[in-house]
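For reference, the structure discussed in these notes is given below.
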Amino acid sequence: MGKVIRNLWILAESGLTLFSRTIDPIVGPQVFGGLMSALNTFAETLSEGGMSHFELSSVRFTFMKNNHFLFVANSSNEIKTKKILNELKNISKKFFKVYPDEIIKNYFKNIRVFADFTNHISDSLEEII
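Residue numbers (my numbering): 4 to 132.
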């Protein structure tokens, strides 16, 4: 599909960041995960399904929920949301393929197990320069 995602976070329902790949980390992944989870939960109380995306100046944050996990991508707002959602769908499929149920059920014991996920999705992520 193409390298359209700049930054990526995978969050548990609790807001715990299981995986993050950021080019310019300004905020720690756990703080960011908690904020995104809280925003999505707030949006779910206002409308069924929660948020799909929001924009800040030239960047867009796109959300996709799958199996009680929240996949959050950051990209240029020039890239269509549908393209980012398709990429997130592919990433989530790879995530659940690479990490079987027994690992996912015990994620709270050791989130470092997800650290190598970048190797499985490098075709979706912008290059770090």
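Note that beta-carbon positions come from the ideal geometry of N, C-alpha and C, so glycine has one too.
message = List, from N- to C-terminal side, the alpha helix (DSSP H) runs of 4 residues or more that fit wholly inside the segment 79-124.
response = With a minimum length of 4 residues, the unbroken runs of alpha helix (DSSP H) contained wholly in the segment 79-124 fall at 84-101, 104-108 and 121-124.
task = With a cut-off of 8 Å on the beta carbons, I'd call Phe117 and Asn70 a contact; round off their distance for me.
result = Not a contact, Cβ separation roughly 14 Å.
request  = Less than 8 Å between the CB atoms is what I'm expecting for Phe74 and Leu59, so what's the real figure, rounded?
outcome  = That pair is no contact at about 19 Å.
Straight-line Cα distance separating Lys112 from Glu129 = In a straight line, the C-alpha of Glu129 is about 30 Å away from that of Lys112.
Close-in-space but distant-in-sequence residues of the same chain around Tyr110 (CB under 7 Å, 5 per side omitted) = Within the same chain, Ala15 and Leu21 come within 7 Å of Tyr110 by CB-CB distance, once the 5 residues on both sides are set aside.
ask   = Among Ala76, Lys108, Phe57 and Thr25, which one has its Cα closest to the Cα of Asn93?
value = Ranking Ala76, Lys108, Phe57 and Thr25 by Cα distance to Asn93 puts Ala76 first.
request  = Return yes when at least one heavy atom of the ligand FMN lies under 6 Å from the C-beta of Asp104, else no.
outcome  = Absence of the ligand FMN is noted for the structure shown, with no ligands found whatsoever.
ask   = Going by DSSP, which residues form a beta bridge with Asn10?
value = Asn77.
Nearest-angstrom Cα separation, counted from Ile87 out to Ser40 = Ser40 and Ile87: Cα-Cα distance of roughly 19 Å.
key: The beta strand (DSSP E) enclosing Leu21, as first and last residue numbers   = It spans Thr20 to Arg24 - the beta strand (DSSP E) in which Leu21 sits, taken as one unbroken run.
key: Own chain residues within Cβ distance below 7 Å of Ile124, not counting five before or after   = Ile94 and Lys97.
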